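Chemist: Before I ask anything, let me first share the structure, which is written out below as structure tokens.
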Amino acid sequence: MNMKLTPYLNFNGNCAEAMKFYQSVLGGKLTMQTFGESGMPSTPDYKDKIMHADLQNDALSFMASDNAPGKTVTMGDNVHMSLAGTDEASLTRYFNALAASGKVDMPLAKQFWGDTFGMLTDKFGIHWMVNISAPPAKK
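With UniProt numbering, letter number 70 in the sequence shown gets 70, and the count goes up by one each step, no holes.
And the structure:
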């Protein structure tokens, strides 16, 4: 089964600064994409904010982003568990089971980057993101 659980942090506009700091401490490879680079509609003041960042070294990996336009992140309530992989049946089952007695914040749906993605808050208040990777293009 190809699946991975990754912590995902949210920031109030200082994601790039935070992730560069974490890279300076932990080392590893840092990749970041801004809202402007993503092609998603955004306001001019948001084009340089981080839509997605990923830091990986030999021992760990985690991801992060700035808050969505118009949303404020409450520090301490800014960590999500991110389940990602290619096993659509298992990931959909996990999403539905985690959402039971919880709240679906964003239903599983096809996204602009080609994958199926959804967000929920489970009955214990833990935030989850599920990303089902699109199958590779056949050659």
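Each residue gets a CB set at the ideal place from its N, CA and C atoms; glycine is no exception. Since the model is a prediction, treat every value here as computed from it, not as a measurement.
Below 8 Å between beta carbons: does that hold for Ala100 and Ala64?
Modeler: Going by C-beta atoms, Ala100 is not nearer than 8 Å to Ala64.
Chemist: Is there a Cβ of chain C sitting closer than 8 Å to that of Ala59, yes or no?
Modeler: Any reference to chain C falls outside this structure, which holds one protein chain only.
Chemist: Below 7 Å CB to CB, which residues in the same chain sit around Lys4 once its five sequence neighbours on both sides are set aside?
Modeler: Ala84, Gly85
Chemist: Which residues in the same chain have their Cβ closer than 8 Å to the Cβ of Leu26, if we skip the five residues on either side of it in sequence?
Modeler: Leu55, Asn57, Leu60
Chemist: What is the DSSP secondary structure of Gly36, reduced to helix, strand or coil?
Modeler: In this structure, Gly36 counts as helix in the three-state DSSP scheme.
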